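Undergrad: Residue numbers (the working numbering), protein chains in the order written: chain A, 0 to 109; chain R, -17 to 96.
A virtual CB, placed ideally from N, CA and C, is assigned to each residue, including glycine.
Predicted model, so just to flag it, every value in this text is computed and none were measured.
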Amino acid sequence: GEDVEQSLFLSVREGDSSVINCTYTDSSSTYLYWYKQEPGAGLQLLTYIFSNMDMKQDQRLTVLLNKKDKHLSLRIADTQTGDSAIYFCAESIAGNKLVFGAGTILRVKS
Amino acid sequence: EAGVVQSPRYKIIEKKQPVAFWCNPISGHNTLYWYLQNLGQGPELLIRYENEEAVDDSQLPKDRFSAERLKGVDSTLKIQPAELGDSAVYLCASSLVTGSNEQFFGPGTRLTVL
């Protein structure tokens, strides 16, 4: 079945890079996504990557995809206190269904 | 451009009472989703609509949950009767039918069942 796993917690210092990792199981996933959720808010789409790509860069965000290992990562350069939030990895499977991980809490210390 | 609108933002009810949540998607988005998010978990799909048709409701507990999107625009999700375990955040999302399937989420309705 479909399963997406993420580490629960990451703590970094302001200005450092953050790397959030995710593994997924469905090899037929066409797109993989990173969402951000701040307290009391809905999910905000940060970026996504098509499964035939291995890297995508968007300003401070870099997504790396290792399709062989079914591993996805999100790197945030120059992490700021405003980046503190929960980050969700999701895979898109048949029928436009998104399967989410449980989320990684990112804490940025000033 | 207005985002996905949900109401109410918070709802507290006693068990066995009915409750309804409303969602208005982004204008022009033909696909609408209802998700359930338990504390410390990612969202889980309850139902997906394409226009007014429910095309995936396999995860919707049909004994107590129902949903409608009569005119293919806004949607209502209902629980009757509510149980203690229904306490969660109910998220609505919408998207266009495109290859990348970018889904845009509303702020959610936080339900507390006492």
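Kindly list the residues whose CB is nearer than 7 Å to the CB of R/Glu65, restricted to its own chain and excluding five residues on each side of it in sequence; keep chain order.
TA: To locate residue 65 of chain R, count along the second sequence from 1; it is residue 83. Excluding positions up to five away in sequence, the list reads Lys(-3) and Val95.
Undergrad: Counting only runs that start and end within the region 47 to 93 of chain R, where is the alpha helix (DSSP H) found for 4 or more residues in a row?
TA: The region 47 to 93 of chain R contains no whole alpha helix (DSSP H) run of 4 or more residues.
Undergrad: By the DSSP assignment, the beta strand (DSSP E) with R/Glu32 in it spans what residues?
TA: Residue mapping note: residue 32 of chain R aligns to position 50 of the second sequence, counting from 1. Glu26 to Glu32 is the extent of the beta strand (DSSP E) around R/Glu32.
Undergrad: By the three-class DSSP mapping on this structure, what secondary structure does A/Thr29 have?
TA: As a first step, residue 29 of chain A is located in the first sequence; it is residue number 30 there, counting from the start. Of the three classes helix, strand and coil, the one that applies to A/Thr29 here is coil, per DSSP.
Undergrad: To which residues of the same chain is A/Ser50 closer than 8 Å at the C-beta, ignoring the five residues directly before and after it?
TA: Numbered from 1 along the first sequence, position 51 holds the residue referred to as residue 50 of chain A. Within the same chain, A/Ser50 has close Cβ partners Ser28, Thr29, Tyr30, Leu31, Leu64 and Lys66.
Undergrad: Which whole-angstrom value describes the C-beta separation of A/Leu60 and A/Ser83, a residue pair presumed to lie in contact below a C-beta threshold of 8 Å?
TA: Locating residue 60 of chain A in the first sequence gives position 61, where the first residue counts as 1. Locating residue 83 of chain A in the first sequence gives position 84, where the first residue counts as 1. Rounded, the Cβ-Cβ distance is 15 Å, inconsistent with contact.
Undergrad: Expressed to the nearest angstrom, what Euclidean distance is found between the alpha-carbon atoms of R/Gln(-12) and R/Leu28?
TA: To locate residue -12 of chain R, count along the second sequence from 1; it is residue 6. To locate residue 28 of chain R, count along the second sequence from 1; it is residue 46. Distance between the alpha carbons of R/Gln(-12) and R/Leu28 is about 16 Å.
Undergrad: Rounded to whole angstroms, what's the CA-CA distance from R/Phe86 to A/Leu71? Just pull it up for me.
TA: Against the second sequence, residue 86 of chain R aligns to sequence position 104. Against the first sequence, residue 71 of chain A aligns to sequence position 72. Their Cα atoms are separated by approximately 21 Å.
Undergrad: Which partner residues of A/Met54 appear in the DSSP bridge assignment?
TA: What you label residue 54 of chain A is simply residue 55 of the first sequence in a count that begins at 1. A/Leu63.
Undergrad: Taking 9 Å as the CB-CB limit, is A/Gln58 close to chain R?
TA: Within the first sequence, the letter at position 59 stands for residue 58 of chain A. Closer than 9 Å: no.
Undergrad: From the DSSP output, which residues share a beta bridge with A/Ser83?
TA: As a working mapping, residue 83 of chain A is identified with position 84 in the first sequence. Answer by DSSP bridge pairing: none, since A/Ser83 is not bridged.
Undergrad: Could you check if A/Ser10 is buried or exposed, using at least 16 other CB atoms within 10 Å of its CB as the buried criterion?
TA: Stepping through the first sequence from its first residue, residue 10 of chain A is reached at position 11. So A/Ser10 counts as exposed.
Undergrad: State yes or no: is the beta carbon of R/Ala64 nearer than 9 Å to at least one beta carbon in chain A?
TA: The residue labelled residue 64 of chain R in the question sits at position 82 within the second sequence. No, its Cβ sits nowhere closer than 9 Å to a Cβ of chain A.
Undergrad: Return yes when at least one heavy atom of the ligand SAM lies under 8 Å from the C-beta of R/Thr58, else no.
TA: What this structure holds is no ligand at all, so the ligand SAM is not there to describe.
Undergrad: So which residues of chain B does R/Pro7 contact, with C-beta pairs closer than 7 Å?
TA: You won't find chain B in this structure, because its protein chains are A and R.
Undergrad: Once the 5 residues before and after A/Gln79 are set aside, which same chain residues still bring their CB inside 7 Å of it?
TA: In the first sequence, the residue the question calls residue 79 of chain A occupies position 80. Hits under 7 Å: Glu13 and Val107.
Undergrad: Is the CB of A/Asn65 under 9 Å away from at least one CB in chain R?
TA: Position 66 of the first sequence, counted from the start, is the residue given in the question as residue 65 of chain A. By this cut-off, A/Asn65 is not an interface position.
Undergrad: Closer than 9 Å, Cβ to any Cβ of chain R: which residues of the region 91 to 102 of chain A, in chain order?
TA: Correct list: Ser91, Gly94, Asn95, Lys96, Leu97, Val98, Phe99, Gly100, Ala101 and Gly102.
Undergrad: Assign A/Ser16 to buried or exposed, taking buried as 16 or more other Cβ atoms, counted over all protein chains shown, within 10 Å of its Cβ.
TA: Position 17 of the first sequence, counted from the start, is the residue given in the question as residue 16 of chain A. That one is exposed.
Undergrad: Exposed or buried, what is R/Ser97 when buried is set at 16 or more other beta-carbons lying within 10 Å of its beta-carbon?
TA: The structure shown does not extend to residue 97 of chain R, since chain R is modelled only from -17 to 96, so the question has no answer here.
Undergrad: What's the call for R/Phe47, buried or exposed, on a 16-neighbour Cβ count within 10 Å?
TA: Within the second sequence, numbered from 1, the residue matching residue 47 of chain R stands at position 65. Classification for R/Phe47: buried.
Undergrad: If you draw a straight line from the alpha carbon of R/Val37 to that of R/Ile(-6), how long is it in whole angstroms?
TA: Taking the second sequence and counting its residues from 1, the one referred to as residue 37 of chain R is at position 55. Taking the second sequence and counting its residues from 1, the one referred to as residue -6 of chain R is at position 12. Their Cα atoms are separated by approximately 30 Å.
Undergrad: According to DSSP, is A/Ser17 helix, strand or coil?
TA: Along the first sequence, read from residue 1 onward, the residue named residue 17 of chain A stands at position 18. Looking at A/Ser17 - three-state DSSP - the assignment turns out to be strand.
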